[in-house]
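Residue numbers (full-length UniProt numbering): 1 to 420. Structure record follows, encoded as structure tokens.
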DNA sequence: TCTGGGGTCCTAGGACCC
DNA sequence: TCTGGGGTCCTAGGACCC
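If you want it as structure tokens, here you go:
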């Protein structure tokens, strides 16, 4: 049996943890640039605030009901996530951290326990150690565990645990799950399935297997077997090797000057390079893109990306910025209002395995020493203490984060102080 | 003014090779 | 008139996830 543990309204719960006066009050957390809603407390959901709602469209609801609004603070959420995962790891031999707020636990070894009781122990311990409320779904496959978890939130919120074990329980759960809520079914497959008369997970599990295979590829077939209780999605103990690293952001406002866009791109590229170094990786290929604001349909639109193969794998900021700059020269067109750019590193290899090219003109030893120093200084004095000239000092491309909460758990000058 | 960001996997089709 | 077939690699695009 597999358990899926999912933190309730994770980002909202994190913010609330440090402001107890917000218990039972509506809270929303906004995406980067304070653009749209990405997390809501139960109270905010009750007000009818939808996931993904653009914040400027719901301003009046927010004000009227005195909703507390937060910019996203990934440093805080990441740290609390680590604490939840550490707590969970003591409850199973195998733990798969699936996302920042979810983990699968392999409970096969605990067969002799009453799994529902066991899940309650897990819940209570996580609450006690971290203050984060979680829901737990238990079932024979990951897809069914996802379904069980959803049913906890829909119907057994107070209980916090839902177990699918017998055939009757399975049938009941599947009949109460619309196709759009099956893990692996998005908007397109929902349309396809309902067009063919499949409305619930139960209907899908009764469909002819060949039809599923033909219309939904191997991913669909896997999901189909999982719905029937046959586990076919492997348990991933170890975090899989990263295949790409990407930093892309919308700007705080639109930019039309090439050097301004370049400054943003240089900064995002520097972030990619720093990420690569922190994971001891190097990249063979980078891809950059620029685009205009697709929501402004009255303005001319432009999107272009460019893939650049490097002569030699690297993770040096200066080198990568140089390639990104050359790339931008190729794809930039004047006369547009740009609103987003980004850099993706692909074809990643361990930094220790970089093959040197005999015609290489870079001084790699010097470069890597330089990067080391940059990383050390930036770790001690803040993220951008040392920067390359092209990164500039402009703030025009920067994110809006007007409602950012403190990094309560990771910055010494921002920890909570209590008056006694 | 203001509409997220970072990922993975699969398939189809073209270029190229022998 | 009739112009192979199998394989690999690459890219673009589509679908999905949180």
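Just so it is clear, CB atoms sit at the ideal spot from N, CA and C, and this is done for glycine as well. Keep in mind it's a predicted model, so treat the numbers as computed, not measured.
Pull up the distance between the alpha-carbon of residue i and that of residue j, whole angstroms please.
i: residue 491; j: residue 414; result: Residue 491 falls outside the range modelled here, since the chain spans only 1 to 420, and no answer is possible.
i: residue 168; j: residue 202; result: 12 angstroms
i: residue 276; j: residue 245; result: 7 angstroms
i: residue 402; j: residue 119; result: 39 angstroms
i: residue 104; j: residue 11; result: 19 angstroms
i: residue 58; j: residue 171; result: 39 angstroms
i: residue 391; j: residue 32; result: 20 angstroms
i: residue 354; j: residue 326; result: 23 angstroms
i: residue 342; j: residue 308; result: 13 angstroms
i: residue 188; j: residue 200; result: 15 angstroms
i: residue 8; j: residue 134; result: 5 angstroms
i: residue 116; j: residue 208; result: 33 angstroms
i: residue 428; j: residue 34; result: Nothing can be reported for residue 428: it is not among the residues displayed for the chain, which extend from 1 to 420.
i: residue 301; j: residue 238; result: 42 angstroms
i: residue 404; j: residue 153; result: 28 angstroms
i: residue 339; j: residue 186; result: 27 angstroms
i: residue 299; j: residue 258; result: 18 angstroms
i: residue 385; j: residue 266; result: 15 angstroms
i: residue 217; j: residue 194; result: 17 angstroms
i: residue 400; j: residue 253; result: 9 angstroms
i: residue 213; j: residue 129; result: 45 angstroms
i: residue 388; j: residue 317; result: 8 angstroms
i: residue 65; j: residue 42; result: 14 angstroms
i: residue 418; j: residue 412; result: 14 angstroms
Please say whether residue j and residue i have beta carbons closer to each other than 9 angstroms?
i: residue 97; j: residue 136; result: no
i: residue 231; j: residue 132; result: no
i: residue 192; j: residue 242; result: no
i: residue 346; j: residue 293; result: no
i: residue 147; j: residue 177; result: yes
i: residue 270; j: residue 344; result: no
i: residue 223; j: residue 197; result: no
i: residue 125; j: residue 75; result: no
i: residue 205; j: residue 180; result: no
i: residue 374; j: residue 328; result: no
i: residue 260; j: residue 55; result: no
i: residue 173; j: residue 159; result: no
i: residue 46; j: residue 37; result: no
i: residue 107; j: residue 264; result: no
i: residue 80; j: residue 22; result: no
i: residue 349; j: residue 313; result: yes
i: residue 352; j: residue 315; result: no
Classify residue i as buried or exposed, calling it buried when 16 or more other Cβ atoms lie within 10 Å of its own Cβ.
i: residue 461; result: Here the chain comprises residues numbered 1 to 420, so residue 461 is not present and cannot be evaluated.
i: residue 142; result: buried
i: residue 101; result: buried
i: residue 397; result: buried
i: residue 464; result: The structure shown has nothing for residue 464, since the chain only spans 1 to 420.
i: residue 336; result: buried
i: residue 250; result: buried
i: residue 268; result: buried
i: residue 73; result: buried
i: residue 356; result: exposed
i: residue 296; result: exposed
i: residue 416; result: exposed
i: residue 420; result: exposed
i: residue 219; result: exposed
i: residue 210; result: exposed
i: residue 111; result: exposed
i: residue 215; result: exposed
i: residue 40; result: buried
DSSP three-state label for residue i, please.
i: residue 122; result: helix
i: residue 220; result: helix
i: residue 362; result: coil
i: residue 43; result: helix
i: residue 60; result: helix
i: residue 340; result: strand
i: residue 445; result: Look at the range of the chain in this structure, 1 to 420, and you will see that residue 445 is not part of it.
i: residue 129; result: helix
i: residue 331; result: helix
i: residue 159; result: coil
i: residue 27; result: strand
i: residue 231; result: coil
i: residue 246; result: strand
i: residue 408; result: coil
i: residue 309; result: strand
i: residue 236; result: coil
i: residue 18; result: coil
i: residue 137; result: strand
Practice item. Inspect the CB distances between the segment 377 to 385 and the segment 313 to 333 and report whether three or more fall short of 8 angstroms. Key: no
Review point. Can at least three beta-carbon pairs, one atom from the segment 325 to 332 and one from the segment 360 to 370, be found at a separation below 8 angstroms?
Key: no
Review point. Taking one C-beta from the segment 68 to 75 and one from the segment 15 to 29 each time, how about it: are there three or more such pairs within less than 8 angstroms?
Key: yes
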